[in-house]
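For my numbering, add 1382 to where a residue sits in the sequence shown, where the first one is 1.
Beta carbons are placed, not taken as given, at the ideal position from N, Cα and C, and that holds for glycine.
Nothing here was measured: the structure is a model prediction, and the numbers come from that model.
Input: a single structure, listed below in structure tokens.
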Amino acid sequence: MQSLISSSIINTVAGMGSLVAGLFSTVLIARLLGADGTGSTAFALWLVFSATALADRGIPSILLRYIARDSNSDASVGGLTRALYPRFLWPMITVFVGFLLYAVWAGLTESSEAGLLWGVTAIIFLVYANGNLAIGAARGLNRFPEIARLTALGCLLQLPVIAAGAYFFGAPGAMLGYLVRHLPQGLALFGYLAVKSDPKNNVVTDQMRRYGRNTWIAGALNVFVRTRIEFLFIGWFFTITEVGYFAAGMTFNSLIVQFSMYMLAGLTPGFGRLHDTENNAQFALSYQRALRWMSLILMPACFGGAAIMPVLLPLMFGSEFTPAINMSLVLTLFTFSQALSMIPLAAIQAREKDQTMLNATAISAVILIALNLAVTPFFGGEGAAWVRAGVNIVTLAWLLRHAQTVLRLPAPLSSLARIGFAAALSAGTAYGLLLTMPELAGLCIAVPAGALVYLLALRFLRAIPNDDIDSLSTSLRRALPERVAGIAITVARLLRTPQPAG
1383 MQSLISSSII NTVAGMGSLV AGLFSTVLIA RLLGADGTGS TAFALWLVFS
1433 ATALADRGIP SILLRYIARD SNSDASVGGL TRALYPRFLW PMITVFVGFL
1483 LYAVWAGLTE SSEAGLLWGV TAIIFLVYAN GNLAIGAARG LNRFPEIARL
1533 TALGCLLQLP VIAAGAYFFG APGAMLGYLV RHLPQGLALF GYLAVKSDPK
1583 NNVVTDQMRR YGRNTWIAGA LNVFVRTRIE FLFIGWFFTI TEVGYFAAGM
1633 TFNSLIVQFS MYMLAGLTPG FGRLHDTENN AQFALSYQRA LRWMSLILMP
1683 ACFGGAAIMP VLLPLMFGSE FTPAINMSLV LTLFTFSQAL SMIPLAAIQA
1733 REKDQTMLNA TAISAVILIA LNLAVTPFFG GEGAAWVRAG VNIVTLAWLL
1783 RHAQTVLRLP APLSSLARIG FAAALSAGTA YGLLLTMPEL AGLCIAVPAG
1833 ALVYLLALRF LRAIPNDDID SLSTSLRRAL PERVAGIAIT VARLLRTPQP
1883 AG
């Protein structure tokens, strides 16, 4: 478990820079281009992510799961990567050409700005897809410092390019910022492909193909349907301005989900190693600890975020985005269910039960589409937010039950309930203070007050076992600089339950 925590800490430190850059990018675009520009860029980026999931054929997942199974040698790295890349490349080129053709059509039938927007989007797609493959390989090999370094470089470039691009060239210029954000990671793929390989490491087994196919379909459904499918319905039945409101409303939902992805990046290969060595007891312990620690972070972020959203969102994006408050509140409140679902899904992947993952994702996707068709035309973005929340909660409940009954991985429901109660007390405190002291001044008091109530409630409710705290402290000491680790360990030990003397 400690190796999983160490990997998560390194990846999360890097990911925090990406999240901050992403948040400020959204705010910059909203302030400079308004709801229309926000809607256009958000829709284009969603298509990039969705097209990548649709075209990658599950090959990043194969590298993530299997690249380190037999060896961590350079020969193994180059062998599997080079063997899989031709299967990865031709769909990418096909989709890239499709984007370019649409850019030409948009330039001829709409405006030169629209054509330029989709031309830049085509290049972002190609760069992002290659970067996503490199990330799969790096995570599978536990090379999280490499990911951190390239992420930091991309984030350093992102904000100034977005600011200058949006100011001078509108939405197409803003998209250039996302291009430079993913460029370092996209170029990193050539480092894997350049490694000379031993022929015995070029073998792609039937199990790898089956695993890749099922995770590909499940991933495509998850990214294409369960990320921002609402954009299609809102854009079809309403306007691009309404899409912009929903994009702003999803900002904090997206931040929490991305943060969770960074935290859990090492989970699938880590669980996979425990499964391959038949270490079932440690697998179950690691699974429970992952649920507890992620809940410890996610629940106060979601409940507290929802409590302060009526003040926070217009403060950041401007009064023009006031219509996004209610949908943002709902999306933020229930994001914990979407993020926590990643943990049982990682366990299912590690057990190589990819057909189960595919079935679960397909069913939830169909339900989400059906409910959006029924609800969104009448209730707009707020209705779409409630649909997403309901589907995510039901999906999490099913995944936890499946993990317990089929995979023999029981969830620590008592601890999760106590963490949830502590988070609700924290959110209630923040909300009450904002009622009496609205605006920025109230926000500055409500957030630390809510955090203090949360820590006290966790200690009083004995929500976290002492063994978990000791394990986390050891991992923090190994993964962080000494001074930073000392502060983090002190905070963690505040949650320890006092032991009776003697």
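- Rounded to whole angstroms, the Cβ separation of L1843 and R1800 is 4 Å, and the two are in contact under 8 Å.
- Its chain contains F1526, E1528, I1529 and A1570 as the residues whose beta carbon lies nearer than 8 Å to that of A1520, once the 5 sequence neighbours on both sides are disregarded; these appear in chain order.
- Distance from the CA atom of L1535 to the CA atom of P1566, rounded to whole angstroms, is 7 Å.
- In the displayed model, R1521 falls within a helix according to three-state DSSP.
- Contact between the stretch 1652 to 1659 and the stretch 1701 to 1714 is not established, with fewer than three Cβ pairs separated by less than 8 Å.
- Distance check between P1830 and each of A1683, M1698 and A1771 places A1683 closest, using alpha-carbon atoms only.
- A1485 is classed as buried because its beta carbon has at least 16 other beta carbons within 10 Å across all chains shown.
- The beta carbon of N1635 is closer than 7 Å to those of L1713, T1714 and T1717 in its chain, skipping five residues each way along the sequence.
- Boundaries of the alpha helix (DSSP H) around N1708: I1707 to L1715.
- In the three-state reduction of the DSSP assignment, L1446 falls in the helix class.
- In this structure, S1808 sits near A1839, with a CB-CB distance shorter than 8 Å.
- At the C-beta level, G1518 and L1575 stay beyond 8 Å of one another.
- Closest option to L1711, judged by alpha-carbon separation, among W1780, Y1627, G1489 and L1499: Y1627.
- Sorting V1479, L1499, A1752 and I1475 by C-alpha distance to the C-alpha of G1419 places L1499 at the top.
- Here E1821 carries a helix assignment [DSSP, helix/strand/coil].
- Closest option to L1415, judged by alpha-carbon separation, among A1556, L1822, G1765 and V1477: A1556.
- In this structure, the alpha-carbon of L1405 lies about 30 Å from that of L1781.
- L1429 is not a Cβ neighbour of T1476, given a cutoff of 8 Å.
- If you ignore the 5 residues before and after I1616, its C-beta comes within less than 8 Å of the C-beta of E1624, V1625, F1628, T1758, G1762, G1763 and A1766, all in its own chain and listed in chain order.
- Relative to A1516, the option among G1547, A1546, I1441 and P1554 whose CA is nearest is I1441.
- Of the candidates S1494, F1478, R1674 and G1513, the residue whose Cα lies closest to the Cα of I1505 is F1478.
- Counting along the chain, G1440 sits inside no alpha helix (DSSP H), nor does DSSP assign it H or E at all.
- Sequence-distant partners of P1794 (beyond 5 residues in either direction) whose C-beta falls short of 8 Å from its own C-beta, in its chain, are Q1670, L1673 and R1674.
- Around the beta carbon of T1597, 16 or more other beta carbons lie within 10 angstroms, which makes this residue buried.
- Membership of M1632 in any alpha helix (DSSP H) is not indicated, and neither H nor E is assigned to it by DSSP.
- Closest option to Q1589, judged by alpha-carbon separation, among M1724, R1733, P1820 and A1666: R1733.
- G1594 sits in a helix when the DSSP states are folded into three classes.
- DSSP places F1620 in the coil class of the three-state scheme, outside both helix and strand.
- About 6 Å separates the beta carbon of V1562 from that of Q1540, a gap short enough to meet the 8 Å contact definition.
- By the Cβ-count criterion, G1868 is exposed, with fewer than 16 other Cβ atoms from all chains shown falling within 10 Å of its own Cβ.
- Comparing alpha-carbon positions, the option among L1722, H1564, G1832 and L1667 lying closest to A1806 turns out to be G1832.
- The DSSP-derived three-state label of N1514 is helix.
- Of the residues assessed, E1612 falls on the buried side of the cut-off, its CB having 16 or more other CB atoms within 10 angstroms.
- Nearest C-alpha to R1591 among N1512, I1444, R1531 and A1804: I1444.
- One thing to note: S1642 has its Cβ no nearer than 8 Å to the Cβ of L1694.
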